[in-house]
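Q: Residue numbers (this note's numbering): 3 to 178.
Glycine residues also receive a C-beta, built at the ideal position from the N, C-alpha and C atoms.
From a predicted model like this one, the values you see are computed outputs, not experimental measurements.
One structure is given below, represented as structure tokens, and several questions about it will come after.
Spelled out as structure tokens, the structure:
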């Protein structure tokens with residue numbers, strides 16, 4: 003097993019453990035953070051030059067098995083995002099923290115809206131109720147946590163520069 007796969011396996015196991023133990027305690031209204039989605043999106047944005055389709059799919063299946071959603075729905079949503087988001091990150095660049103935050107929020111919001119469509123199709127929750135009570139609050143919650151993980155990962159050498167050009171880069175930011 004290569005070092006990259008070992009790192010992904012460790013990230014996946016830690017995300018699943020956090021999802022089981024910590025996420026229920028952090029519930030805010032109807033929104034509960036999904037550390038599994040956070041891990042998948044952090045990997046997508048930090049390493050856009052490597053396609054992690056299997057990681058996104060496996061993390062989605064784990065999220066469905068841990069949660070109470072139809073098995074395969076989160077996996078499909080993460081897989082769709084894992085195809086599109088790294089290409090957008092490569093084109094735009096991920097060194098600008100504002101751009102990274104925007105891409106993270108947009109990607110997670112798209113994933114949550116796709117998930118709401120699944121919930122509406124399966125008759126679990128209405129689409130408007132899903133948007134108001136699940137998609138938007140969970141997208142904001144997950145995006146904030148993912149951006150924090152992104153900043154920590156980028157600061158400690160996890161992120162790789164990928165195209166794009168911006169005036170404000172992560173090297174100009176000081177964490178004191």
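Are there 16 or more other CB atoms within 10 angstroms of the CB of residue 207, so buried, or fewer, so exposed?
A: Because the chain here runs from 3 to 178, residue 207 falls outside it and cannot be looked at.
Q: I want to know whether the region 9-25 touches the region 109-129 - three or more CB-CB distances under 8 Å.
A: Output reads no: the region 109-129 does not touch the region 9-25.
Q: Can you give me the C-alpha to C-alpha distance between residue 88 and residue 105, rounded to a whole angstrom?
A: The straight-line gap from Cα to Cα measures roughly 10 Å.
Q: Taking a contact to mean a Cβ-Cβ separation below 7 Å, would you say residue 144 touches residue 110 in this structure?
A: It is a contact, given that the beta carbons lie within the stated cut-off.
Q: Cutting at 6 Å between CB atoms, please list the residues of its own chain near residue 13, excluding the five before and the five after it.
A: Cβ within range, chain order: 41.
Q: Roughly how many whole angstroms lie between the Cα atoms of residue 163 and residue 115?
A: The predicted position of residue 163 is uncertain, since its pLDDT is 49 and thus under 50; no value can be drawn from it.
Q: Thinking just about the alpha-carbon of each residue, which of 19, 10, 153, 18 is nearest to the one in residue 102?
A: Selected option, being the one with the closest Cα: 153.
Q: Could I get the ranges of all uninterrupted alpha helix (DSSP H) runs contained in the region 36-114, with 4 residues as the minimum, in chain order?
A: Listed in chain order, the complete alpha helix (DSSP H) runs (minimum 4 residues) inside the region 36-114 are 37-48, 55-68, 75-94.
Q: On a Cα-Cα basis, can you pick out the residue from 147, 139, 155, 76 that is closest to residue 20?
A: With distances taken between Cα atoms, residue 20 lies closest to 147.
Q: What three-state label does DSSP hand residue 149 in the structure shown?
A: It is helical.
Q: When the distance is taken between beta carbons, is residue 155 closer than 7 Å to residue 48?
A: It is a contact, given that the beta carbons lie within the stated cut-off.
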